[in-house]
Amino acid sequence: MERTDRAERVLQRIISDMILQERVRDPRVNKLVTIHEVNLSKDLRSATVHVGGYVSEPELQSSVDGLNAAAGFLQAGIGRQIQWKSTPKLNFVADTRVRDSQELLQDMDRHGL
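So the number in the numbering used here is just where the residue sits in the sequence shown, counting from 1, plus 574.
This is how it looks when you write it as structure tokens:
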């Protein structure tokens with residue numbers, strides 16, 4: 575496994591744990607959201623964090639807004655758990671791929687495909 579892949583998995587785990595343990599106290603962040611994927615830049619200075627889950631689209635966007643507002647807090651928490659030269663700047667984005675796939679399958683079922 576490549577260094578970047580390992581780092582992405584570590585970030586995904588830490589951020590997920592912080593959400594599940596309710597360390598992010600922003601009321602916009604729905605505890606049912608999940609971190610689907612983390613994409614680190616090659617220099618490891620920034621990360622795009624893909625957030626999804628079985629929540630409505632407005633709830634997902636609200637959660638993304640809350641997580642972006644808490645990005646500095648999350649970065650500090652990550653920095654306390656890992657020994658890297660610097661902690662990546664986090665940018666949270668809505669990831670609707672799972673929900674989109676589920677809706678497509680439901681449409682196919684409705685049409686007998």
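For each residue, glycine too, the CB sits at the ideal point set by N, CA and C.
Every value quoted in this text rests on a predicted model; they were computed, and no experiment measured them.
Beta-carbon gap between residue i and residue j smaller than 8 Å
| i | j | result |
| --- | --- | --- |
| residue 605 | residue 588 | no |
| residue 612 | residue 656 | no |
| residue 664 | residue 598 | no |
| residue 668 | residue 638 | yes |
Exposure label - residue i; buried when at least 16 CB within 10 Å
| i | result |
| --- | --- |
| residue 591 | exposed |
| residue 662 | buried |
| residue 615 | exposed |
| residue 626 | buried |
| residue 636 | buried |
| residue 582 | buried |
Nearest-angstrom Cβ-Cβ length linking residue i and residue j, presumed shorter than 8 Å
| i | j | result |
| --- | --- | --- |
| residue 600 | residue 645 | Contact flag wrong, Cβ pair sits at about 11 Å. |
Residue span of the beta strand (DSSP E) that contains residue i, given as start and end
| i | result |
| --- | --- |
| residue 642 | Premise fails: residue 642 lies in the alpha helix (DSSP H), 631-643, not in any beta strand (DSSP E). |
Identity of the residue in the options nearest residue i by Cα
| i | options | result |
| --- | --- | --- |
| residue 620 | 652, 634 and 595 | 652 |
| residue 576 | 609, 647, 618 and 670 | 618 |
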